[in-house]
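These notes concern the structure reproduced below.
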Amino acid sequence: MHAARQIGGPLLQVENISLSFGGVRALANISFEIREHEVLAIIGPNGAGKSSMLNVINGFYHPQEGRITYKGKTRARMRPHQAAAQGIARTFQNIALFKGMSTLDNIMTGRLLKMRQPFFMQALYLGPAKREELEHRAFCERIIDFLEIQAIRKTPVGRLPYGLQKRVELARALAAEPELLLLDEPMAGMNVEEKEDMCRFVLDVNEHFGTTIALIEHDMGVVMDISDRVVVLDYGRKLADGTPDEVRADQAVIDAYLGVSHEETASAAAE
Amino acid sequence: MFYREAGQFKTSYAADQAIFPILQDRIFVAFLLLVAFVVVPVVANEYWLSTILLPFLVFSLAAVGLNLLTGYCGQLSLGTGGFMACGAFAAYKLSTGFPELNIVVVMLASGVITALVGVLFGLPSLRIKGFYLAVATLAAQFFLLWLFNKFAWFTNYSPSGVISAPPRAVFGDFFVTGPQATPAGKYLFALTLVALLALAAKNMVRCRVGRSWMAIRDMDIAAEIIGIRPLTAKLSAFAVSSFYIGVAGAMWAFVYTGSVEALAFQIDRSFQILFMIIIGGLGSILGSFLGAAFITLLPIFLSNAPNIFGLSISVDTVSHFEFMIFGALIVFFLIVEPHGLARLWQIAKEKLRLWPFPY
Amino acid sequence: MSAFFIDPFVDIFSYPAFFLEVLIGGLLAGVMYSLVALGFVLIFKASGVFNFAQGAMVLFAALTLVGLIDLGAPVWLAIVATIAVMVTLAMSIEKVVLRPLVNQPAIILFMATIGISYFLDGFGQTIWGSEIKTLEVGIPKSPLMVGEVLISRFDLFAGLTAGVLVAVLAIFFQKTRVGRALRAVADDHQAAMSVGIPLRTIWVIVWSVAGIVALVAGIMWGSKLGVQFSIVLVALKALPVLILGGFTSIPGAIVGGLIIGSGEKVAEVFWGPALGGAIEDWFGYMLAMLFLLFRPQGLFGEKIIERV
Amino acid sequence: MIRKLVAAALGTALGVSALAAGTAQAADPQFIPSLVYRTGPYAPNGIPLANGFADYFAMLNARDGGIGGVPLLVEECDTAYNNDRGVECYERLKNKGPTGAAVFNPYSTGITYALIERATADKIPIVSMGYGRADASDGRVFPYVFTLPATYWAQADAMVTYIAGEEGGFDELAGKTIALVYHDSAYGKEPIATLEALAERHDFTFETFPVAHPGLEQRSTWLTIGRRLRPDWVLMWGWGVMNSTAIKEAAAVGYPMDRFIGVWWSGAEQDVQPAGADAVGYKSGTFHGAGADFPVHRDIFTYVYDRGQGATERELVGEVLYNRAMINAVLVSEAIRTAQAVYGERPLTGEEVRWGLENLNLTQEKIDDLGLAGLLSPIGLSCADHEGGGQLRIQQWDGEKWSFVSDWIEPNRDGFLRTMYEGSAAQYAAEKGIAPRDCAN
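Residue numbers (numbering that gives the first Met the number 0), protein chains in the order written: chain A, 0 to 270; chain B, 0 to 358; chain C, 0 to 307; chain D, 0 to 440.
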């Protein structure tokens with residue numbers, strides 16, 4: 000299916016991560032890895048700690064225990080903007096676009112890290128600064144074309160419908176040319192057509208740019224279709240880790256999804 | 000009919016990224032600049048130049064500065080008066096300490112000094128947000144005024160604590176401060192400086208730095224996650240904003256009034272400039288100018304109104320009514336258009352685009 | 000250096016009685032700030048509006064009261080009439096300003112209250128004039144000597160008033176139906192509306208209560224300074240109290256007042272000389288700001304949790 | 000909508016305004032601008048000032064038809080004691096009338112500072128009577144600024160002279176402590192240099208206590224003064240709400256009122272009345288008397304109030320600040336009269352009025368003629384001396400009214416204040432690149 004790309008070695012390894020908030024344990028001793036160029040899905044019921052996991056990976060939460068190795072380097076405690084600088088981009092469960100800005104500006108903002116011109120040149124908007132703006136504009140236009148959002152280029156994102164906002168958010172994350180893209184429920188709240196579009200975009204991104212993708216998704220159909228591997232979290236613990244078929248056959252996963260164990264008691268705090 | 004962009008196609012991103020992409024706008028702005036630079040100095044009398052246009056220009060610059068911080072970066076500040084004072088006193092110390100320094104350099108350097116002070120008082124913004132930050136910026140307001148009032152070094156040991164601008168020329172004998180300066184000369188100097196700085200502000204907000212401010216304003220956590228350092232973004236906003244406000248303060252002391260004491264930059268001044276950007280439009284450079292015009296002209300209009308209409312009303316009644324009308328108008332504008340005059344202007348333009356054919 | 004790090008402490012230890020006087024004077028002065036800060040807290044708590052017009056309301060209440068007394072009304076009647084005026088004011092503000100601005104961002108509402116503040120300043124003075132007026136409601140003024148320590152009777156009275164006021168407010172919030180509704184609104188607007196409390200009524204009530212608090216503050220400050228325009232400026236003394244105590248906490252307003260009041264007086268008397276004096280204007284703000292660096296939500300404010 | 004609002008407001012204003020004194024619009028009047036502050040934080044002090052100024056000119060118009068047959072056209076502009084509004088008022092009024100503004104009386108040290116350069120360029124004199132820059136007394140550097148009849152420095156000097164008299168001579172000052180409580184602004188700082196010089200000369204200890212604007216809170220200052228330092232005398236340079244607050248706080252810490260002396264801006268009814276009984280015994284400096292029993296007031300009652308054209312209520316005529324502004328009006332009109340003797344009885348330009356001010360010589364005889372006997376000491380100005388040698392007195396509040404408790408005191412100008420004026424003015428001239436005039440001829 001994904002013939003054009005070659006899944007490589009581990010890009011990011013998570014080892015024995017534990018995270019708690021004021022006594023509430025959100026993640027307990029979790030380990031898994033994300034391999035280069037793959038699409039990894041993280042699934043689990045509400046409160047399983049999926050978003051917390053992404054927050055740990057991109058430096059927003061600081062786990063009490065465990066370590067993260069990214070591109071072969073073990074990472075010390077870092078701030079989110081440092082993670083971004085190392086090529087990790089993400090989207091959010093509840094859309095976190097810059098509501099006061101246009102679609103184009105949102106995407107250009109995603110490209111911020113690639114822009115180098117000093118402040119003074121920007122104030123003068125001369126020569127190199129202008130050239131830089133235009134080069135990046137051209138790049139962002141390619142993303143706009145790719146995601147088919149040309150018509151809303153100059154619309155303030157606050158006025159866009161939900162589905163398009165999700166797409167703009169993906170565009171903003173792509174603008175950073177990330178090596179690792181974290182998508183938090185990219186298809187939540189979408190209708191079937193929108194979901195299909197989004198799946199197509201995710202796969203295209205993976206294929207054309209070779210971007211490694213880790214995504215959280217509830218729709219099992221989608222997950223099984225597009226991911227190379229699946230990590231299942233429940234109540235802050237890892238239940239299973241493997242190819243879609245392996246996971247589908249796992250008894251613990253089945254229990255969790257049928258709700259026979261402790262799903263009702265799962266704390267919402269971790270989400 | 001006349002305001003049509005139909006048929007104007009952009010063939011390059013450069014043309015599309017221009018400040019005024021529409022031809023009519025470019026013509027209008029060129030016309031406006033022509034009037035401001037050529038017609039006004041010839042036609043306007045001294046009263047208009049020195050009591051309406053000069054303060055308008057100075058206020059506009061300060062409003063642009065505050066708008067960069069509050070409107071674009073979302074950091075509410077009530078310390079504007081203190082930063083203006085900082086610019087004024089820095090300019091005084093520089094121009095008396097180094098008399099050979101050109102006045103333009105003095106103005107910009109005092110802006111830089113104010114920017115440094117602004118960064119210092121911007122540091123709490125990394126921890127403190129919203130109204131807490133607004134009240135904390137009052138610490139800057141009160142502390143700075145106290146400092147300039149208290150230490151005679153800032154006023155060159157003048158017994159009264161008042162500084163007055165020494166006469167300085169931009170070149171030759173084109174004096175822009177001191178008694179030799181003509182109102183028209185001062186006006187042109189202020190206009191040039193303000194126009195250039197406003198252009199620079201416009202460039203900043205449409206480039207990387209401006210986007211990083213707006214990202215912090217709209218959602219600071221998301222901004223950090225896509226790689227914006229809050230420290231850099233917030234402090235650069237404080238620095239640039241304070242630079243503008245500092246230059247405005249220096250112009251206030253040197254070009255507009257000619258002499259000030261620290262008390263001229265009281266907290267009322269901070270509120271006045273905050274009004275300008277709210278009435279004019281948060282996050283709009285044009286709005287800063289519209290707001291400054293509105294807030295400068297309204298009281299003058301109100302206090303002249305009885306004369307204009309040939310009424311004889313005692314001055315205290317007029318002043319009290321001024322307060323009431325001013326307050327009522329602010330509420331009125333907030334209700335009618337919370338996004339300020341700049342938005343009204345935009346709506347008017349959109350209407351004009353279709354005129355005379357309604358939808 | 001020693002003037003800053005050693006001398007003040009030497010002073011404090013050599014004149015303990017004087018230090019005590021300054022401390023007590025500061026604490027009581029702080030209570031006077033708390034009286035004004037309370038009005039801010041009430042409104043912020045119930046509607047999230049930073050009501051900058053609180054200072055103007057204090058002046059307006061005091062002007063109305065003294066104006067009515069000058070017209071010959073007995074003090075009690077004047078107070079009742081002024082309360083009626085403040086309630087009317089609250090209703091007009093709700094109708095004319097708050098209702099059309101509902102759901103606007105906080106900064107817009109903040110600006111609107113500055114507009115209200117200008118309007119009230121002009122309106123009060125148009126009706127009652129700008130001359131200074133003496134307000135005499137029989138508060139004792141002579142100093143009280145406790146051993147060697149001098150305490151102002153007026154300030155004690157003010158402290159007592161503030162205490163009573165806070166107690167009354169506490170009872171109002173804890174024990175009455177309306178009070179509980181107000182607390183519900185403070186916690187969650189949606190939830191409050193879903194249990195059938197009209198938000199508008201709540202706003203009118205809370206602005207009225209803030210108006211009555213303004214009247215109490217106006218009586219105290221008016222007796223102290225004479226009723227005049229400058230009273231609006233006491234709002235500026237209440238702001239550091241407000242951020243130190245937390246925008247949403249009534250006990251915070253009192254404790255904040257005590258800390259700011261005593262802090263600035265002690266600083267002025269013992270550290271002021273080393274810095275050239277008149278430092279109390281900014282000292283309160285600096286103190287509050289430094290404090291916020293460690294606790295960004297103020298002393299008793301609700302903790303801010305960030306999430307994505 | 001804006002227009003509707005304004006129109007509505009104006010309509011209401013028309014309805015309620017009965018105050019406006021419609022000055023006669025006769026041909027070719029002398030235009031006299033009046034910068035007032037009937038609003039703002041200092042309105043309680045600004046209102047009587049504005050009234051006194053207005054009433055005297057109204058009386059001249061009614062009694063004499065103006066000055067030398069030239070009617071006087073007075074127009075008020077409210078500055079709210081705010082510097083930029085003051086500048087706006089100045090610019091608005093300076094070219095009014097057939098010959099422009101005769102003279103400006105800003106009634107604010109800040110506005111005076113802001114106007115000095117402008118007025119000098121426009122050749123319009125500024126009379127800063129008892130405020131503004133003391134060093135402007137040097138007419139060679141400040142040709143268009145007048146400080147008559149006395150400056151703050153002269154006031155400070157006279158206060159020390161008075162204290163010396165009370166203590167039993169200048170020698171007795173040695174070892175005494177005098178404290179200064181001052182408004183922490185340009186205005187409040189004016190006397191410090193003089194008092195420091197005097198402290199050195201007479202060997203007394205001088206302590207300063209700045210009070211931050213606006214002066215609502217003075218607890219710490221007064222605890223230090225009343226409970227700790229206990230100085231022999233306290234002087235005060237206060238303004239507005241600061242004054243009454245200071246008096247109350249002084250009483251609260253038990254500081255004796257009769258050893259507490261305010262500057263003339265801290266010595267009006269508005270400053271002591273809010274303090275009630277606390278203020279009894281409080282003293283202040285002044286350069287004129289209080290009360291409405293002088294002949295000039297009789298004329299004001301007859302020609303203005305009896306015709307129902309007064310600016311205020313009858314009972315308020317004769318208040319300290321009312322009298323002060325009325326005297327200001329007297330000085331301005333006598334300067335115009337003096338100038339008319341040379342330039343003819345017609346509306347004069349600012350420059351001509353300046354000549355009148357420089358050649359103003361109010362002898363005791365003339366003061367008696369004007370109905371001001373006992374209200375003011377003789378004054379005579381010259382090209383170099385813009386202060387005019389006014390004398391000062393100390394007054395005391397008895398709970399009802401102000402009355403003099405000293406005779407006229409001559410400030411020590413020659414060899415002391417005059418040297419200080421000239422030194423300070425020379426520094427100003429150097430900074431501004433002004434070549435002082437030659438007043439020898």
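Backbone N, C-alpha and C fix where the C-beta goes; we use that ideal spot for every residue, glycine too.
The beta carbon of MET323/B sits closer than 8 Å to some beta carbon of chain C.
The bridge partners DSSP lists for MET144/C are LEU149/C. Legend: CB atoms of the stretch 192-215 of chain A lying less than 8 Å from CB atoms of chain B are not found in any residue. Against chain C, the beta carbon of PRO230/D has no neighbour under 7 Å; the closest one sits roughly 14 Å away.
The three-state reading of DSSP puts VAL201/A in helix, counting H, G and I together. Identification of residues in the stretch 331-343 of chain B having a C-beta nearer than 9 Å to some C-beta of chain D yields PHE331, VAL335, given in sequence order. Uninterrupted beta strand (DSSP E) stretches at least 3 residues long and entirely within the stretch 102-145 of chain D do not occur. With a beta-carbon spacing of about 7 Å, GLU357/D and GLY138/D fall inside the 8 Å limit used to define contacts. Counting only Cβ-Cβ distances below 8 Å, ASN57/A has contacts in chain B at ILE224, in chain order. Under DSSP, SER241/B takes part in no beta bridge, so it has no partner. Its Cα nearest to that of MET223/A, the residue ILE41/A stands out among ILE41/A, PHE20/A, THR210/A, GLY126/A.
Residue contact with chain B for GLU318/D: absent (no Cβ-Cβ distance below 8 Å to any residue of chain B). For ARG392/D, the uninterrupted beta strand (DSSP E) segment begins and ends at 392-396.
For TYR186/B, DSSP records no beta bridge to any residue. Within the DSSP secondary-structure output, LEU181/A pairs in a beta bridge with ARG89/A, ALA213/A.
Cβ atoms of LEU232/A and MET114/A stay farther apart than 8 Å, at about 36 Å. Within the stretch 111-128 of chain A, LEU111, LEU112, MET114, GLN116, PHE118, GLN121, ALA122, LEU123, TYR124, ALA128 place their CB atoms closer than 8 Å to a CB of chain B, listed in sequence order.
The beta-bridge partner set that DSSP reports for ILE33/A consists of LEU11/A. With contacts defined as CB atoms closer than 8 Å, ALA178/D and PHE208/D qualify as a contacting pair.
Considering only beta carbons, the part of the stretch 137-171 of chain C lying closer than 8 Å to chain D consists of LYS140, PRO142, LEU149, SER151, PHE153, in chain order. Listed in chain order, the positions of the stretch 80-110 of chain C with a beta carbon within less than 7 Å of a beta carbon of chain D would be empty, since no residue qualifies.
Each residue's CA atom was taken as its position, placing LEU416/D and GLN426/D some 15 Å apart. The way I'd put it, the stretch 201-220 of chain B doesn't touch the stretch 90-99 of chain B; fewer than three beta-carbon pairs between them come closer than 8 Å. Annotation for PRO255/D: no residue places its beta carbon closer than 6 Å to its own, counting only its chain and skipping 5 residues before and after. One finds GLU116, LYS431, GLY432 in chain D with Cβ atoms closer than 9 Å to the Cβ of GLY177/B, taken in chain order. Per DSSP, the continuous beta strand (DSSP E) segment holding TYR181/D begins and ends at 176-182. Any Cβ of chain B closer than 8 Å to the Cβ of ARG228/A would place that residue at the interface, and such an atom is absent. The beta carbon of VAL314/B does not come within 8 Å of any beta carbon belonging to chain C, so the residue lies off that interface. Relative to the Cα of THR193/D, the nearest Cα in the group ASN411/D, ALA428/D, LEU48/D, LYS122/D belongs to ASN411/D. Taking a cut-off of 8 Å on C-beta distances, the stretch 235-250 of chain D touches the stretch 261-279 of chain D, as three or more cross pairs fall below it. For the C-beta of ILE131/C, the chain D residues within less than 7 Å are, from N- to C-terminus, PRO43, GLN269, PRO273. Taking TRP220/C as the centre and dropping the five residues before and after it, the same chain places the C-beta of ILE230, VAL233 closer than 6 Å to its C-beta, in chain order. Sixteen is the threshold: when 16 or more other Cβ atoms of the shown chains lie within 10 Å of the Cβ of TRP232/D, as they do, the residue is buried.
About 5 Å separates the CB atoms of ARG236/A and ALA27/A; that is less than 8 Å, so the two are in contact. Taking 7 Å as the upper bound on Cβ-Cβ separation, chain C lies near residues VAL210, ALA211, PRO213, LEU215, GLU216, ARG218, SER219, LEU222, THR223, ARG226, ARG227 of the stretch 210-230 of chain D. Taking THR301/D as reference, the option from GLN29/D, SER33/D, TYR55/D, PRO28/D with the minimal CA-CA separation is TYR55/D.
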